[in-house]
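If you're matching them up, the sequences are chains Y and Z in order. With this note's numbering, letter number 44 in the first sequence gets 44, and the count goes up by one each step, no holes. The number in this note's numbering is simply the position in the second sequence, starting from 1, with 1000 added. Beta carbons: idealized from backbone N, C-alpha and C, even for Gly. Worksheet: one structure, shown below.
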Amino acid sequence: MSTAGGGSSSKPRAASSQPSETSSKRKRGVFQKELQHMMYGFGDDPNPLPESVALMEDIIVEYVTELVHKAQDIGSQRGKLSVEDFLYLIRKDLPKLNRCTELLSMNEELKQARKVFESDEEKLRKVFEVDNQLNDE
Amino acid sequence: MKQSKDPFEAAFEEQEDSPPESPADASADARQNPNSSIAAHSSQSQPQDQLQLPHDDNAKKGPSQFTPGSGSGSANASASGSFTATAGAGTGMKSKEEEEEEEEENMDVELGKFPSSGDPDKMAKMQAILSQFTEEQMSRYESFRRAGFQKSNMKRLLASITGTQKISVPMTIVVSGIAKMFVGEVVETARIVMQERKESGPIRPCHLREAYRRLKLEGKIFKRPMSRLFR
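The structure is reproduced here in structure tokens:
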């Protein structure tokens, strides 16, 4: 007899085909390590209780699930999810909204800087190769 | 633990030097630096204000996290110097940090929102605060800054929820940020609950459940509007 509940078995493929039952089929402790550090950072003990971490993970997963479903409801007209849907959902929550805009702008900045860096590296490499050729002659 | 400055702080400091209206200015500064940094890169010398962009392991927890410049938990001058570079941005972070501190010092959490004054002001404040941290506070602050959800895990989770839709990287970043702040809210509320019940020690699931219930009453938790008969 095969039971699908309990959450002890991990079946990510089954989860993707049945989105409504992901909670029962997901591997436990996906976020465990990071959650421990995070809870310590926010005021918990240096070693949080494992059951607290597990409960926190369930809470987070449910929160994200609800968030995504609401975003899908909002963005369904566009056909696919976009970042603005999430930003609209948290518009009332100022700290979260500011944090998200800050994260996004930083991501943009990094992308720009990375682009410049790579183009510079390309230039340097070309100069290097030309130098080598000149030296070999 | 990294000794070099991470790209965020370097980028921020460069932004400081030439007050930019656009990332173009910041990258203009960056252009001079990476040329010298590439030469120094092989020897891994002290890259103080150079962008070390290939260091993606710095951003292992997602580019949304600042990593402190110094590895150890003790606050020395260089650590506070590098912290000031990162701390200047964002009002949301500031309110979290203030709450965190107040909780440490007098167990009296106020979820106040602080307006973003000019960056030098905030950085000066941040530096003043950071220099007075005890070691335990410093390590907690370090955990707070570093911890974050793995991008890959979050991506997988989002894909499973939306039904294998293409999940863009900014979306992962945003959801990770929101989730982390939500963890913060729950943990802080749980601490308040513990304080009311005059308990101490690690947070127990019963505190988390009570905190979750209170957050739900406040309306911070998204619930599908099932039945709106009696509001």
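* **Within chain Z, partners of Gln72/Y - CB distance below 7 Å** => Within the first sequence, residue 72/Y is the residue found at index 72, counting from 1. Correct list: Thr1162.
* Evaluate Val1174/Z with the Cβ neighbour count: other Cβ atoms within 10 Å of its Cβ, from every protein chain shown; 16 or more gives buried, anything less gives exposed. => Numbered from its first residue, the second sequence carries residue 1174/Z at position 174. Buried.
* Spatially closest choice to Val1187/Z from Pro1205/Z, Pro1170/Z, Glu1142/Z, Lys1198/Z, by CA coordinates -> Within the second sequence, the letter at position 187 stands for residue 1187/Z. Answer by Cα proximity: Pro1205/Z.
* To do: Would you check if the distance between the CB atom of Phe1149/Z and the CB atom of Glu34/Y is smaller than 8 Å?
  => On the second sequence, position 149 is the one that residue 1149/Z refers to. On the first sequence, position 34 is the one that residue 34/Y refers to. Yes, these two residues count as a Cβ contact at 8 Å.
* **Enclosing alpha helix (DSSP H) for Val141/Y [first to last residue]** => No information on residue 141/Y is available, as it lies outside the stretch 1 to 137 that chain Y covers here.
* Please list, in chain order, all residues of the same chain as Pro1170/Z whose beta carbon is under 6 Å from its beta carbon, the five residues on each side excluded. => Locating residue 1170/Z in the second sequence gives position 170, counting from the first residue. There are no such residues.
* Asked: Where does Leu1208/Z land, buried or exposed, given buried means 16+ other C-beta within 10 angstroms?
  -> Along the second sequence, read from residue 1 onward, the residue named residue 1208/Z stands at position 208. That one is buried.
* Do the CB positions of Ile1203/Z and Ala1190/Z come within less than 8 Å of each other? -> The residue you call residue 1203/Z lines up with position 203 of the second sequence. The residue you call residue 1190/Z lines up with position 190 of the second sequence. Yes.
* Would DSSP call Glu62/Y helix, strand or coil? -> To locate residue 62/Y, count along the first sequence from 1; it is residue 62. DSSP places Glu62/Y in helix when its eight states are reduced to three.
* Using a Cβ cut-off of 8 Å (strictly closer), state whether Tyr40/Y contacts chain Z. => Sequence index remark: in the first sequence, residue 40/Y carries index 40 (1-based). Yes, Tyr40/Y counts as interfacial toward chain Z.
* Determine the chain Y residues that contact Glu1188/Z at a beta-carbon separation under 7 Å, and present them in chain order. => The residue given as residue 1188/Z occupies position 188 in the second sequence. Result: Phe42, Gly43.
* Asked: Looking at C-alpha atoms only, which residue of Arg1213/Z, Glu1185/Z, Ala1159/Z, Gln1195/Z is the closest neighbour of Lys80/Y?
  -> By one-based count along the first sequence, residue 80/Y stands at place 80. If we check each option's Cα against that of Lys80/Y, Ala1159/Z comes out closest.
* Please decide whether Glu122/Y counts as near chain Z, where near means a Cβ-Cβ distance under 8 Å. => If you number the first sequence from 1, residue 122/Y lands on position 122. It does not: the Cβ of Glu122/Y has no partner Cβ on chain Z nearer than 8 Å.
* **Minimum Cβ-Cβ distance from Pro1170/Z to chain Y less than 8 Å** => Walking along the second sequence from the start, residue 1170/Z turns up at place 170. Cβ-Cβ to chain Y under 8 Å: yes for Pro1170/Z.
* To do: Name the residue from Asp58/Y, Ser105/Y, Val53/Y, Phe86/Y whose alpha carbon lies nearest to the alpha carbon of His69/Y.
  => Taking the first residue of the first sequence as position 1, residue 69/Y is located at position 69. Looking at the Cα atoms, Phe86/Y is the closest of the given residues.
* Excluding the five sequence neighbours on either side, which residues of its own chain have a C-beta within less than 7 Å of the C-beta of Met1154/Z, listed in chain order? -> What you label residue 1154/Z is simply residue 154 of the second sequence in a count that begins at 1. Counting only Cβ-Cβ distances below 7 Å, and skipping sequence neighbours, we find Thr1172, Val1175, Ser1176.
* Asked: Mind checking if Gln1195/Z is an interface residue toward chain Y, Cβ cutoff 8 Å exclusive?
  -> By one-based count along the second sequence, residue 1195/Z stands at place 195. So, not an interface residue.
* **Short CB-CB distance (under 8 Å) between Tyr88/Y and chain Z** => Position 88 of the first sequence, counting from 1, holds the residue named residue 88/Y. So, not an interface residue.
* Asked: Residues of chain Z with CB under 9 Å from Ser52/Y, in chain order?
  -> Along the first sequence, read from residue 1 onward, the residue named residue 52/Y stands at position 52. What Ser52/Y touches in chain Z: Ala1190, Pro1202, Ile1203, Arg1204, Pro1205, His1207, Leu1208.
* **Neighbouring residues, chain Y, relative to Arg1214/Z (Cβ below 7 Å)** => To locate residue 1214/Z, count along the second sequence from 1; it is residue 214. Near Arg1214/Z there are no residues of chain Y at all, since even the closest Cβ is about 13 Å away, more than 7 Å.
* Asked: Is DSSP giving Ile1178/Z helix, strand or coil here?
  -> For the purposes of this step, residue 1178/Z is identified with residue 178 of the second sequence, where counting begins at 1. Ile1178/Z falls in the helix class under three-state DSSP.
* Using DSSP with H/G/I as helix, E/B as strand and the rest coil, what is Ala1147/Z? -> Within the second sequence, the letter at position 147 stands for residue 1147/Z. In the structure shown, Ala1147/Z sits in coil (DSSP, three-state: anything other than H, G, I, E or B).
* Asked: Using a Cβ cut-off of 7 Å, which residues of the region 101-115 of chain Y contact any Cβ in chain Z, in chain order?
  -> Glu102, Leu103, Leu104, Met106, Asn107, Glu108, Glu109, Leu110, Gln112, Ala113, Arg114
* Can you give the Cα-Cα distance for Ile90/Y and Leu97/Y, rounded to whole angstroms? -> For this step, residue 90/Y is matched to residue 90 along the first sequence. For this step, residue 97/Y is matched to residue 97 along the first sequence. Answer to the nearest angstrom: the Cα atoms are 6 Å apart.
* To do: Just the chain Y side, please: which residues come within less than 8 Å of Ile1173/Z by C-beta, in chain order?
  => The residue labelled residue 1173/Z in the question sits at position 173 within the second sequence. The answer, in chain order, is Leu103, Leu104, Asn107.
* Asked: Using the beta-carbon of each residue, which ones in chain Z are nearer than 7 Å to Lys80/Y?
  -> The residue labelled residue 80/Y in the question sits at position 80 within the first sequence. Neighbours of Lys80/Y on chain Z, chain order: Gln1165.
* To do: Evaluate Asp1121/Z with the Cβ neighbour count: other Cβ atoms within 10 Å of its Cβ, from every protein chain shown; 16 or more gives buried, anything less gives exposed.
  => Residue 1121/Z sits at position 121 when you count from the first residue of the second sequence. Exposed, since its Cβ has fewer than 16 Cβ neighbours within 10 Å.
* Quick one, which of Glu109/Y, Asp93/Y, Pro50/Y, Leu55/Y has its alpha-carbon nearest Glu1210/Z's? -> If you number the second sequence from 1, residue 1210/Z lands on position 210. Checked all of Glu109/Y, Asp93/Y, Pro50/Y, Leu55/Y; the closest Cα to Glu1210/Z is Leu55/Y.
* Along chain Z, in chain order, which residues have C-beta atoms closer than 8 Å to that of Phe66/Y? -> Numbered from its first residue, the first sequence carries residue 66/Y at position 66. This sequence places Glu at residue 66/Y; Phe is not what is there. What Glu66/Y touches in chain Z: Ile1221, Phe1222, Lys1223, Arg1224.
* To do: Identify, in the order they occur along the chain, each residue of the same chain with its Cβ nearer than 8 Å to the Cβ of Val83/Y, setting aside the five sequence neighbours on each side.
  => Locating residue 83/Y in the first sequence gives position 83, counting from the first residue. Counting only Cβ-Cβ distances below 8 Å, and skipping sequence neighbours, we find Leu104.
* Asked: CB-CB under 7 Å to Gln72/Y, same chain, minus the five flanking residues each way: which ones, in chain order?
  -> Taking the first residue of the first sequence as 1, we reach residue 72/Y at position 72. Once the five neighbours on either side are set aside, the close Cβ partners of Gln72/Y are Leu81.
* Asked: Can you name, in chain order, every residue of its own chain whose Cβ lies under 6 Å from the Cβ of Pro48/Y, other than the five neighbours on each side?
  -> Counting from 1 along the first sequence, the entry for residue 48/Y is found at position 48. The residues are Gln36, Met39.
* Asked: Hey, would you say Gly43/Y sits closer than 8 Å to Ala1147/Z, going by beta carbons?
  -> Taking the first residue of the first sequence as 1, we reach residue 43/Y at position 43. Taking the first residue of the second sequence as 1, we reach residue 1147/Z at position 147. No; because the gap between Cβ atoms is not below 8 Å, this pair is not in contact.
* Can you give the beta carbon distance from Glu1185/Z to Lys1220/Z, rounded, assuming they're within the 8 Å contact cut? -> Residue 1185/Z sits at position 185 when you count from the first residue of the second sequence. Residue 1220/Z sits at position 220 when you count from the first residue of the second sequence. Right, the Cβ-Cβ distance comes to about 7 Å (below 8 Å), so this counts as a contact.
* To do: Using a Cβ-Cβ cut-off of 8 Å, state whether Ser1131/Z counts as contacting chain Y.
  => Against the second sequence, residue 1131/Z aligns to sequence position 131. With 8 Å as the cut-off, Ser1131/Z does not count as an interface residue toward chain Y.
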